Each structure stands twice: as C-alpha cells, then as structure tokens.
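Participant:
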Amino acid sequence: MDKVKLFRESTRELERNLEKLNSSDCCQCNVNTSQCFLVVEIGRKPGICVKELAELLKMDKSAVSRSVEELVQKGYVLREPSKRDRRCVVLNLTDEGMARFNTIEKDMNLKFERVFSMIPKEKQSQVLETLSIYNDAIKKSEVKCCD
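Reading the sequence shown from the start, the letters are residues 40 to 186 in the numbering used here.
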C-alpha cells in the first residue's frame, strides 16, 4: 500500500476509534455526541455565540442552533441575546448543564489519560508533535466553497 493510502486508512481508523471513545461518554448524560461536544465547548467558553460555536466545531450554524435548542429544552443551556451585538445569541450552561460538563470533562480526561499512558513514555512527546503537525496540515488544506 502506498503512503497516501496507508495515511488515509490510518486516519479512517483513528476517526472510528475517536468516535467510539467520544460517544461512549455521552450516554450517561442523555445527550447525543454532537450535543456532548456543544456542552463541553459552552462550558469551556461561557458566553460563546452560536456562530462562534459553529465555527469552532466546524459545523453548520443551523445544525448547531437545532442542537442548542434541544439542550435548552433539556435544561442544560441558557440562550440570551448579546448585550454587545443584537445579532448574536450567547450561550451559557445552567447549573444542571455545568454538572454535566464537569462529569463529561472528568470522564474524558480519565479516558484520554488511560490511552496516553499506553503510549511508551519515550514516544509521548513525538505523538503530541505529530498530532500538532497533522492538525496544522488539515487546517492549511481546507478548501472553502466558492473561494
């Protein structure tokens, strides 16, 4: 197999493994995986706008709005008009949402700590550097529609 095909197949396997790792943690708080990501990002950036959240997660703004509405209905998120920009709706977690956020963060940190500990100590820095290079390459290669 040539290097590009191997790279693609390894990436696909990584995506599946990360999906499994991420999705297994959201079951405990009655939200789907994308809603779980939203809770985490809102918890990390209180007062974030829907538009900024969509950009951060590389999701469509309307999809984020729908998921946010479901989180509002579940009592995890408060949606308020921005005091600085009337076009912006800011998002914050409720007390229940904050409790879910803390649980998700704690559980995910433990999972990733367990995975990271399985990488030989002498290779851990190399893995972190490689992930950084990989993420940078993806960002540089992004093609926007109609550019």
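The C-beta atom is built at its ideal place from N, Cα and C for all residues, glycine as well.
All of these numbers come straight from a predicted model, not from anything done at the bench.
Here's the rule I'm using: 16 or more other beta-carbon atoms within 10 Å means buried, otherwise exposed. How should Gly136 be labelled?
Facilitator: Gly136 should be labelled buried.
Participant: Closer than 8 Å is the cut-off here; do at least three beta carbon pairs connect the stretch 121 to 138 with the stretch 95 to 102?
Facilitator: No: fewer than three Cβ pairs fall under 8 Å.
Participant: So, Leu45 versus Leu77, is the Cβ gap smaller than 8 Å?
Facilitator: Their beta carbons are not under 8 Å apart, which means Leu45 does not touch Leu77 by this criterion.
Participant: Classify Asp186: buried if its beta carbon has 16 or more other beta carbons within 10 angstroms, exposed otherwise.
Facilitator: Caution applies to Asp186, whose pLDDT of 48 falls short of 50 and renders its modelled position unreliable; the value that the coordinates give is listed next. When all chains shown are included, Asp186 counts as exposed.
Participant: What residue from Gln112, Leu57, Leu130, Asn148 has the CA that sits closest to Glu119's CA?
Facilitator: Minimum Cα distance to Glu119 is reached at Leu130.
Participant: Helix, strand or coil for Ile143, going by three-state DSSP, please let me know.
Facilitator: Ile143 falls in the helix class under three-state DSSP.
Participant: Are Cys75 and Val128 closer than 8 Å when you measure CB to CB?
Facilitator: Going by C-beta atoms, Cys75 is not nearer than 8 Å to Val128.
Participant: Quick check on this structure: which residue in Arg83, Met157, Ser73 has the alpha carbon closest to the alpha carbon of Ser141?
Facilitator: Note that residue 141 is Asn in the sequence shown, not Ser. It is Arg83 whose Cα lies nearest to the Cα of Asn141.
Participant: Let me know the beta strand (DSSP E) ranges lying completely inside the stretch 111 to 143, each 3 residues or longer, listed in chain order.
Facilitator: The stretch 111 to 143 contains these whole beta strand (DSSP E) runs: 116 to 120, 128 to 132.
Participant: Cα-Cα, which of Ser49, Asp41, Ser121 is closest to Tyr173?
Facilitator: The candidate whose alpha carbon is nearest that of Tyr173 is Ser49.
Participant: Could you check if Ser106 is buried or exposed, using at least 16 other CB atoms within 10 Å of its CB as the buried criterion?
Facilitator: By the 10 Å Cβ count, Ser106 comes out buried.
Participant: By how many angstroms is the C-alpha of Asp124 removed from the C-alpha of Val116?
Facilitator: Cα to Cα, Val116 sits roughly 20 Å from Asp124.
Participant: Give me, in chain order, the residues of the same chain whose beta-carbon lies closer than 8 Å to that of Val103; leave out the 5 immediate sequence neighbours on both sides.
Facilitator: Leu77, Val89, Leu92, Ala93, Leu96, listed in sequence order.
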